[in-house]
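Position in the sequence shown (from 1) plus 8 gives the number in the numbering used here.
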Amino acid sequence: MSGDTRDHPGVIAPPPLVFAGFLAAGVLADRYVSGWSLPLPALPAKVLAVLLGGAGVIFLADALGLFRKAGTRPEPWQPTTAIVTSGVYRVTRNPMYVGMAHVYAALALAVGSPLAMALLPAAILVIHRGVILREERYLERKFGDEYMAYRARVRRWL
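This is how it looks when you write it as structure tokens:
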């Protein structure tokens with residue numbers, strides 16, 4: 009332990025802003041620089057976008073509801089008061105980020121932006137390194153064995 013007594017994980021940026029920044033960069037680059045678009049038939053692309061977006065919203069809504077029920081804050085720059093392990097948290101330790109990634113993909117698909125789609129792995133990498141790994145260290149430090157047992161049972165992503 010480094011002697012750091014902050015009661016938050018010290019994430020690099022709010023995760024929604026990370027995803028929004030990469031999405032905006034890709035869409036704007038496609039619109040004003042590359043002129044590219046995804047060569048997908050309109051109806052299948054829209055159906056896939058709705059399915060991805062719907063799945064993302066379900067992940068986000070369930071995760072946020074469970075945080076509210078547990079009386080803890082979802083913002084990773086705020087102190088965590090409980091480990092949530094029910095609902096969607098039985099499937100993934102990071103349902104909010106899984107949900108955000110799904111919504112990002114849905115939006116990139118809906119607007120037909122190949123660069124935004126290509127930037128999704130970079131956004132996920134930034135979330136992984138700048139948010140998730142920091143959160144995991146924080147939760148291990150704060151909750152010890154309880155968090156380590158949860159981490160051993162449930163995958164980080166899906």
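Just so you know, even glycine gets a beta-carbon here, dropped at the ideal spot from N, CA and C. All values reported here derive from a predicted model rather than from experimental measurement.
So, is residue i buried or exposed, given that buried needs 16 or more other C-beta atoms within 10 angstroms?
{"i": "Ser-42", "result": "exposed"}
{"i": "Ala-84", "result": "Before going on, a small fix: residue 84 reads as Pro here, not Ala. Buried: at least 16 other Cβ atoms inside 10 Å."}
{"i": "Arg-14", "result": "exposed"}
{"i": "Arg-101", "result": "buried"}
{"i": "Ile-20", "result": "exposed"}
{"i": "Gly-107", "result": "buried"}
{"i": "Val-111", "result": "buried"}
{"i": "Met-104", "result": "buried"}
{"i": "Arg-163", "result": "exposed"}
{"i": "Pro-17", "result": "buried"}
{"i": "Leu-147", "result": "buried"}
{"i": "Gly-152", "result": "exposed"}
{"i": "Met-9", "result": "With a pLDDT of only 43 at Met-9, under the threshold of 50, the placement of this residue in the model should not be trusted; the figure read from the coordinates follows. Classification of Met-9: exposed, given that the 10 Å Cβ count is below 16."}
{"i": "Ala-130", "result": "exposed"}
Which one of the options has the shortest CA to CA distance from residue i?
{"i": "Val-26", "options": "Pro-49, Gly-95, Arg-137", "result": "Arg-137"}
{"i": "Leu-31", "options": "Gln-86, Glu-144, Met-125", "result": "Met-125"}
{"i": "Gly-120", "options": "His-16, Val-134, Leu-51, Arg-145", "result": "Leu-51"}
{"i": "Tyr-33", "options": "Leu-115, Leu-123, Leu-72", "result": "Residue identity differs from the one stated: residue 33 is Ala in this sequence, not Tyr. Closest option to Ala-33, Cα to Cα, is Leu-123."}
{"i": "Arg-161", "options": "Val-99, Gln-86, Ala-53", "result": "Val-99"}
{"i": "Phe-67", "options": "Asp-38, Pro-47, Gln-86, Ala-109", "result": "Ala-109"}
{"i": "Pro-49", "options": "Arg-76, Ala-118, Gln-86", "result": "Ala-118"}
{"i": "Ala-157", "options": "Thr-93, Val-65, Glu-143", "result": "Thr-93"}
Would you identify the three-state DSSP class for residue i, choosing helix, strand or coil?
{"i": "Ile-91", "result": "coil"}
{"i": "Leu-141", "result": "helix"}
{"i": "Arg-39", "result": "helix"}
{"i": "His-110", "result": "helix"}
{"i": "Leu-59", "result": "helix"}
{"i": "Asp-70", "result": "helix"}
{"i": "Gly-29", "result": "helix"}
{"i": "Pro-47", "result": "coil"}
{"i": "Ile-135", "result": "helix"}
{"i": "Met-9", "result": "At Met-9 the pLDDT is 43, less than 50, meaning the model places this residue with poor confidence; the figure from the coordinates comes in the next sentence. Coil, per DSSP."}
{"i": "Pro-84", "result": "coil"}
{"i": "Asp-15", "result": "coil"}
{"i": "Arg-159", "result": "helix"}
Quick one: measure Cβ to Cβ for residue i and residue j, integer angstroms, because I've assumed they're closer than 8 angstroms.
{"i": "Leu-74", "j": "Tyr-40", "result": "With 8 angstroms as the limit, Leu-74 and Tyr-40 do not qualify as a contact, their Cβ atoms being about 40 angstroms apart."}
{"i": "Val-139", "j": "Pro-23", "result": "5 angstroms"}
{"i": "Ala-69", "j": "Ala-78", "result": "Going by Cβ atoms, the distance from Ala-69 to Ala-78 rounds to 15 angstroms, so no, they are not a contact pair."}
{"i": "Gly-29", "j": "Ala-114", "result": "About 17 angstroms separates the two Cβ atoms, so there is no contact after all."}
{"i": "Ala-116", "j": "Leu-133", "result": "Actually they are not in contact, since the Cβ atoms of Ala-116 and Leu-133 sit about 16 angstroms apart, beyond 8 angstroms."}
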